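The next block holds one structure in the form of structure tokens; read it before the comments.
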Amino acid sequence: MRRAMCILAAIGSLAAFVPAHAETIIDSGNEVLDLYTGQGKLIEADAPVASVFLANPDVADVAVKSSNYIYIYGKGAGQTTLYVLGPDGKVNYSTNVHVSANTGALTAAAQAAVSAGKVTVKAVGGALMLDGIVDTPEDADQADKVVTSLAGQGAVVVNNLQLATPPQVNLQVRIAEVSRTVGDELGVSLNGSGSGGLGSTSAFAGPFSLTGSVFKGSAKLNYLIDTLAKQGLVSILSEPNLTARSGDTASFLAGGRFPYQTASTSTTASSVVFEPYGVELNFTPVVSRRNQISLKVDTKIRELDFSNGSTTTTQTVPLILERSASTTIEVGSGQSFAIAGLFNSKTQEDVAKLPGFGNLPVLGALFRSTQFQKGESELVIVVTPYIVTPVSPSDIKTPVDGFQESSFTGRNFLGQMSATAPDAKGGVSVRALNGNAGAMLQ
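Take 13 as the starting number for the sequence shown in this note's numbering and just add one per residue.
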């Protein structure tokens with residue numbers, strides 16, 4: 013009897029832990045309803061529809077216009093869940109709704125927007141990725157605009173289009189020795205304010221100064237330099253031209269190599285080492301889809317400091333001072349910028365200590381200048397980038413195209429030293445060649 017009472021007490025204590033109301037979670041199941049953005053589907057219910065629950069109204073929306081039909085349409089990429097309840101409160105229908113962009117239609121639209129090439133649109137992690145190869149930056153930009161507009165508000169579009177032939181950038185570099193009296197003589201400041209100045213925005217901090225471009229084209233700046241050269245205030249040292257593909261680096265080095273002999277040890281013999289010095293410029297242009305040139309400029313100056321060098325039994329080894337700076341600027345095709353302040357007064361003092369400085373390419377003329385040695389001038393580098401497009405040789409004409417040696421009769425009896433051969437593609441247009449620069453036909 014006592015044992016039975018203990019069992020009943022244990023059962024009663026267990027019953028106290030049983031919840032009063034059990035909860036039941038209704039799973040949406042494995043069924044999936046796929047929709048494109050903007051696409052709708054009509055669902056026929058097995059029983060009258062009393063209530064509809066949609067988890068994320070930003071992904072899809074529903075409309076119940078009849079007791080047995082539900083209209084659902086996609087609004088944005090994503091996932092949501094749909095539950096349909098009958099009059100008795102039971103779930104009659106449930107499904108997982110997946111809404112994505114119609115990549116097939118977007119691919120067709122993007123392909124139609126480009127002049128040549130192949131474009132595909134893929135859905136990757138909730139974003140739309142443009143992939144393929146096109147001919148021009150304009151085609152890539154147009155395909156991006158079409159997909160962005162059709163994908164709808166809030167769509168993330170990643171443009172991964174590549175160019176079949178990356179654009180090339182020609183860098184016209186003018187290295188000049190500029191008198192410090194330029195501003196006083198002509199009222200023009202290279203750092204300056206004024207209608208002809210290069211702008212005062214400094215991109216390089218420290219020992220260098222890089223003046224930003226205010227010139228809308230290179231004509232004004234080149235005309236200014238030519239005018240200063242005629243006045244004796246500017247001496248053109250070199251005018252190299254560098255060409256690089258978009259994304260590649262073009263380098264220019266004006267300087268030399270200083271030889272010195274290393275000390276010998278018990279295990280290694282003495283050898284001669286050449287250390288470079290001078291001005292090194294690295295330009296990395298990147299052409300944007302707006303035909304703007306994003307130009308990364310790396311400048312490095314290596315100078316020989318004999319006052320702080322070391323002396324051996326055979327020679328004096330100078331200390332090598334290195335200064336470097338890097339910046340990225342954005343200019344249009346044909347706009348110019350200038351780099352100045354590359355050398356300081358210490359450089360002018362060391363010039364006289366090493367006669368070989370005067371024989372350096374480009375910089376030798378600067379170091380031989382008495383104005384530079386007296387601190388009355390400085391080195392200025394002006395860079396003008398241009399976007400260039402390769403053309404067929406047949407499309408390039410010169411004023412001497414079609415000229416040929418005159419015949420015996422023409423030379424001796426008619427006084428003709430040359431004759432003109434007919435051009436199958438048409439003559440050279442005088443108007444096409446006439447202008448501010450280039451050749452002219454009379």
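Where is the CB? At the ideal position from N, CA and C, for every residue including glycine.
Predicted model only: the values in this text are computed from it and were never measured.
Meets three-Cβ-pair contact criterion under 8 Å: the region 135-145 and the region 70-79: no
Three or more C-beta pairs below 8 Å linking the region 90-97 and the region 116-127: For the pair of segments examined, the region 90-97 was found not to touch the region 116-127: the number of CB pairs separated by less than 8 Å stays below three.
Close-in-space but distant-in-sequence residues of the same chain around P373 (CB under 7 Å, 5 per side omitted): Note that P373 scores a pLDDT of 49, beneath 50, so its modelled location is shaky; the value from the coordinates is reported in the next line. Non-local C-beta neighbours of P373 in its own chain, meaning closer than 7 Å and more than five positions away in sequence, comprise A266, ordered along the chain.
Three-pair Cβ contact test at 8 Å for the region 250-267 versus the region 294-314: Taking one beta carbon from each stretch, the region 250-267 and the region 294-314 have 3 or more pairs nearer than 8 Å; the two touch.
beta-carbon S78 near the ligand NAP non-hydrogen atom, thresh 7 Å: With respect to the ligand NAP, the structure shown offers nothing to examine, as it has no ligands at all.
Residues that A266 bridges to, as DSSP identifies them: V291
Distance CB(V61)-CB(N108) smaller than 8 Å: no
Supposed contact pair E342 and I393 - C-beta distance, whole angstroms, cut 8 Å: For a cut-off of 8 Å, the C-beta gap from I393 to E342 is around 19 Å, too long to register as a contact.
C-alpha distance - I187 paired with N253, whole-angstrom precision: 11 Å
Straight-line gap, E197 to G166 (C-alpha atoms, nearest Å): With a pLDDT of 42 at E197, under the threshold of 50, the predicted position of this residue should be treated as unreliable, and no value is reported.
Alpha-carbon to alpha-carbon, V111 and Y81: 20 Å
Own chain, CB closer than 7 Å to T328, minus 5 neighbours either side, in chain order: F318 and G321
Exposed unless 16 or more other CB atoms sit within 10 angstroms - verdict on A364: Caution applies to A364, whose pLDDT of 48 falls short of 50 and renders its modelled position unreliable; the value that the coordinates give is listed next. Exposed, because fewer than 16 other Cβ atoms sit within 10 Å of the Cβ of A364.
D151 and V181 closer than 8 Å at C-beta: no
Residue of S263, T160, K53 and S419 minimising C-alpha distance to V309: S263
A124, buried or exposed, once every other Cβ within 10 Å from all chains shown has been counted against 16: Exposed.
First through last residue of the alpha helix (DSSP H) which encompasses R423: F420 to N424
Length of the line joining the Cα atoms of S418 and N424: 10 Å
Cβ-based burial, L426 [other Cβ within 10 Å; buried from 16]: By the 10 Å Cβ count, L426 comes out exposed.
Sheet register partners of T339 (DSSP bridge): V309
Three-way DSSP call (helix, strand, coil) for S63 in this model: DSSP, reduced to helix, strand and coil, places S63 within a strand of the structure shown.
Distance CB(T49)-CB(G86) smaller than 8 Å: Going by C-beta atoms, T49 is nearer than 8 Å to G86.
Between the CA atoms of T324 and S276 - distance to the nearest angstrom: 12 Å
Anticipated Cβ contact below 8 Å, Y83 with L47, distance rounded: Beta-carbon to beta-carbon, Y83 and L47 are separated by about 12 Å, too far to satisfy the 8 Å threshold.
Exposure label - I313; buried when at least 16 CB within 10 Å: buried
C-alpha distance - A350 paired with A155, whole-angstrom precision: 36 Å
Local Cβ density within 10 Å of E315, reported as buried at 16 or more and exposed below that: E315 is buried by the Cβ-count criterion.
Per-residue burial, T359 [other beta carbons within 10 Å of its own, 16 or more giving buried]: Annotation note: pLDDT 47 at T359 (below 50); position unreliable, coordinate value reported separately. Counting Cβ neighbours within 10 Å, T359 comes out buried, since at least 16 surround it.
Under the three-state DSSP convention, the category G86 falls into: strand
For Q51 and D100, the rounded distance between their alpha carbons: 31 Å
First through last residue of the alpha helix (DSSP H) which encompasses G166: No alpha helix (DSSP H) contains G166, which DSSP labels as neither H nor E.
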